[in-house]
Each structure stands twice: as structure tokens, then as C-alpha cells.
Amino acid sequence: MLLAVVVTTGAVFTACSSLRSTSVADASATKVGAEASRAIDLTPAPTEPPTAIPTLAPPTPTPIPTSTPEPTATAMPTPTAVSILNEYDVATLYGVDTRALVDGCPTVQDQRNTYPPRLTTVCNSPEAGATVGSPAAGFIIAINRQPARTVSSPAPLAHPAWAWGDAASMGEHVVIDHGARAGHGNVTTVLWGFDVDEELFIGQQVDTRTQLGNRTDAVSMQVWLGESVFGEQAELNPLFFDEVQQIASGLAPLMASPVAPECTVNFGAFSQLPNAGRPYRSGTHRGVDLICGTTGHDAFAALNGTVIAVTNDYVDAPVQNRLNVLANAAVAGDTPHWTLNLLFGNYVVIEHVDPDGREVITISAHLESVDPSIEVGGAVEAGDRLGEIGNRGTGPSAAGTTPVWDSSRHLHWEFFVDGQYLGRGLTVAETVAAYRTLLCGSAAMTGCT
Ligand SMILES: [Zn+2]
337 MLLAVVVTTG AVFTACSSLR STSVADASAT KVGAEASRAI DLTPAPTEPP
387 TAIPTLAPPT PTPIPTSTPE PTATAMPTPT AVSILNEYDV ATLYGVDTRA
437 LVDGCPTVQD QRNTYPPRLT TVCNSPEAGA TVGSPAAGFI IAINRQPART
487 VSSPAPLAHP AWAWGDAASM GEHVVIDHGA RAGHGNVTTV LWGFDVDEEL
537 FIGQQVDTRT QLGNRTDAVS MQVWLGESVF GEQAELNPLF FDEVQQIASG
587 LAPLMASPVA PECTVNFGAF SQLPNAGRPY RSGTHRGVDL ICGTTGHDAF
637 AALNGTVIAV TNDYVDAPVQ NRLNVLANAA VAGDTPHWTL NLLFGNYVVI
687 EHVDPDGREV ITISAHLESV DPSIEVGGAV EAGDRLGEIG NRGTGPSAAG
737 TTPVWDSSRH LHWEFFVDGQ YLGRGLTVAE TVAAYRTLLC GSAAMTGCT
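Numbering-wise, the sequence shown is residues 337 to 785 according to the numbering used here.
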């Protein structure tokens, strides 16, 4: 999403879910509706070293079918009773210490099988205002100070464990990158249920028990392993080129350009398209870079939809701390979800529904600012202004050294269909063709001819 000229290598599919999924949900779960697909398999991850999990006794073993039944909702395990995990269990599983979370709340309820999945602290003598601390050392990579909002999803969720709207439902929250630990390539915690301290900043290095805020509610924690909540991830097979073209041609007549006409798409620069490698973050480019170069250009909604996530108060991380987070990604061998979130800067996520009922999501990132009219839960129409394009979240922005014209000033624009970016796994020529179909219909982007 930045330094586009550096990256010219071919497709590097480090985003392939098989590389990081430790407990893959049944792929059929994506077909049986949102509720069923949200059920979380508590079976210990098969790729875990046996010594990492000896103390965890799952409350109810997941029934293992003896045959291969049709994937129906009733075949999914029903939610089990809430159980209490002691701090040793969690620390052993994920390498983060729940004893550090909240004073007077030494244990956690295992709510990994509810939605959104989480661990929630249990307090002996709950005190409103008790100090909430970091469960382990790391770097703060996201801070959300917005009140909780419920965002309904108009389409079945393709992602079984998490959706963008979940962040809105948490209200104020803090995300910490703990790096590699407990045998996992990357551990990230998402913490909510407290007033976030004013002094916290993105990129801040924290230790175990560094104060994050003061308790207002039951404090909850999600542990992300790489790109997925508690390691749960749908097995998504890349779509065939014919199917991608069919989706793109169906949506093309409904599309508006995501950027002002001064900003261009360059189909000749594969580094600016999906599937290009991104060595600086050990990952894969999932979007299209639409280069503006200068300030003062608008980003727009590409389709009708509902806003499901907004960040508009982003402050770039200090340069060295940003590099430390990228170094954690290098160790992980992939870009963890929340690390990518850090690199997005200010952004808007919109959920659309295509005429065939697929869940379509667009992400507009590196915005200088988001239009005040764009709020979580609000409806937008194709062509509505989302904000001003910038380079927030990029290296030049963090360093404060952006020249008058710089290719880092661009819209990083992602187009997701049923949980994966359009074109995932396609060849260069196929990717170019698919995005030409999508962006050169009614959107008629500059660079199409
Ligand atoms: Zn990009």
C-alpha cells in the first residue's frame, strides 16, 4: 500500500489461510448461515505442541460425526455452559497473563463459543474504576474511543469468527501486538469494557500491567493468533477466474469511482494491484492503490451500503515503534490483521450486498480525514464522499517527510466478496482483467483507457 515502486515481485500468497489456521472451522459452516457459522470449535488446535495445552479441558468436546452429514444448522454443536478458566490455562494457551488484566479479577469466563468470541474477567469484589492493565508486553496498534454501536449485517457473514462490525459493538477498545509467543507466530489481544486512558498512543510500548484505563464493565479480551480470533478461521477456497469475472461484471454497472478523477488506477503496475507481495510487512497486497500524489482529493463510496467501521482519529506511530511492529510481522511470516489495521491509518469500511446476495465489503484506507457525515451504522450511496485521500499510516506519513508530490498519497482500496479479496489466487493477467471489469464500467476510472 506504499512504496509501490519497490514491489514488483509476483504473487506471494502468504495470506493463504492454511499457513496460519490452527483450528480450521468446517468449511461447510460458511454455507449454513451466520448463526451456525459463528459457533466456535473448542477442540484444541491440532498444530499446537502437546505441551502447550495440557491444562485446558474443553467444557464439552465437539461431537465428531461418524459419517458425513449434510451441513445443516442442527449439525453444529450447541453452545456449552460458560466455564471458568484459571489464569494459568490462558497464559499457557496464548502466552498472555489474565492476572494482569484487572485488579481483583483473577479468573476469566470462557466465552469463546459466544459471539463475538471472548474471554471475560471474573471479579472477586468488582470495583468500578479498577485499573485495567496490559496482559503482556507489546505495542499498542489500535485505539478506539467511540461508544459501542450495534451494526447489523445485511448479508450472511462469510467469516465465522469475526466481522468488521464487531469492533463497533465493543465500544472503546485497545489492541496490543504481543509478537510471537507460546508457540504462535503472532499473538494480538483486543481489550474492551473500560475507559481508555487519554495518554495512550498508537505505537506505544507497554509492559505487563501497564495501565490502559479504568474498568466500566466486565473487561473482555479477544486473543488473535495471526489473522484470526483464537485461531479460528474459515477455509476459503479462491474463486475461479470465471466466477470472479461474473461477480465483477454484475457489480460494474452499479459502481462509482472510489476516487476523484485526478487519481488514477494503473493496470500496468502490478505492484499496485491485489496479490502483489509486500515484503516490508511480510504480507500480500489485498487492494488496489489509486495514486493521487498531492493533497485535496476526495474518496467516494463505490456502491450503496452501510458503514460498519470508521477510524478518523489516527495518529501515526513513532517511526521506530512502527518498525518494531513490522518486525513482529516478519517473525510471523505474514501481516496479522490488526497490524494491517495499524497501517491503514484513517479508514472507512462499508458493507454492500450484491444482487446475488453475496457479502461485499470495501475498505478505503490511508485517508487524511473522514467526512464528518460518515458514521458507523449510517447508510451511504455510490458516489457519496467518504473523506480526503492522504497517506496516513504509511512510512512517509509516520516520518513526517512527505514531499509535495508523493505516490504515498493514494487510496488503498480493498474489495472483499464473501470473506476474501476479489482476485485472490488469480494470475497477474486475470487480476488485471477482473479489476478492469469492475472499475471500468460505470465507475469509468481514470486509467481505464
Ligand atoms: Zn495498497
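Idealized CB from N, CA, C, for every residue including glycine.
In the DSSP annotation of this structure, the continuous segment of the alpha helix (DSSP H) that includes G731 starts and ends at G731 to A735.
For I583, there is no enclosing beta strand (DSSP E); the residue is found in the alpha helix (DSSP H) stretching over F577 to L587. Using a cutoff of 7 Å, the CB of D742 does not count as near ligand 1, since none of the ligand's heavy atoms is closer than that. P654 has its alpha-carbon roughly 20 Å from the corresponding atom of V667. In this structure, G501 lies away from V510, with their beta-carbon atoms at least 8 Å apart. With distances taken between CA atoms, S564 lies nearest to T671 out of A484, T730, G693 and T671. Using a cutoff of 7 Å, the CB of D553 does not count as near ligand 1, since none of the ligand's heavy atoms is closer than that.
DSSP places V667 in the uninterrupted alpha helix (DSSP H) bounded by V655 to A668. The DSSP assignment places complete beta strand (DSSP E) segments of no fewer than 3 residues inside the segment 423–505 at 443–447, 454–458, 467–469 and 474–480, in order along the chain.
Taking C-alpha positions only, A588 is separated from R772 by approximately 9 Å.
Per DSSP, the unbroken beta strand (DSSP E) holding H702 starts and ends at E695 to V706. Q540 is positioned such that its CB atom lies no closer than 8 Å to that of I627. If you look at L747, you'll find it in the beta strand (DSSP E) that goes H746 to V753. The beta-carbon separation of T675 and H688, rounded to 26 Å, does not stay under the 8 Å limit for a contact.
Distance between Q558 and S585, taken at the CA atoms: about 38 Å. V523 is positioned such that its CB atom lies closer than 8 Å to that of L561. In the same chain as R721, and ignoring 5 residues on each side of it, the C-beta atoms closer than 7 Å to its own belong to D634, F636 and D707, in chain order. One alpha carbon belongs to S743, the other to A735, and they sit about 15 Å apart. Counting of Cβ neighbours within 10 angstroms places W741 among the exposed residues, the total staying below 16. Contact annotation: the segment 467–481 touches the segment 523–535, with at least three C-beta pairs closer than 8 Å.
Taken atom to atom, the span from the alpha-carbon of G759 to that of S556 is near 36 Å.
Short of 7 Å from the beta carbon of L437, and not among the five residues preceding or following it, lie these beta carbons of its own chain, in chain order: T457, V468, G469, P471, V555 and M557. When only Cα atoms are considered, D433 and G681 end up about 29 Å apart.
For A570, there is no enclosing alpha helix (DSSP H); the residue is found in the beta strand (DSSP E) stretching over E568 to A570. H520 has its CB no nearer than 7 Å to any heavy atom of ligand 1. By the criterion of at least three beta-carbon pairs nearer than 8 Å, the segment 764–771 is in contact with the segment 603–614. One alpha carbon belongs to G623, the other to R617, and they sit about 15 Å apart. For A770, the enclosing alpha helix (DSSP H) starts and ends at V764 to L775. Listed as beta-bridge partners of Y683 by DSSP are T647. Beta-bridge partners of S564 (DSSP): L561. Sixteen is the threshold: since fewer than 16 other Cβ atoms of the shown chains lie within 10 Å of the Cβ of D649, the residue is exposed.
Here Y683 is buried, its C-beta having at least 16 other C-beta atoms within 10 Å.
Selection N657, A718, T642 and E508 evaluated against V685 yields T642 as nearest (Cα-Cα).
Distance from the CA atom of A516 to the CA atom of D425, rounded to whole angstroms, is 18 Å. Ligand 1 never approaches G736 closely enough for any of its heavy atoms to be under 7 Å from the residue's Cβ.
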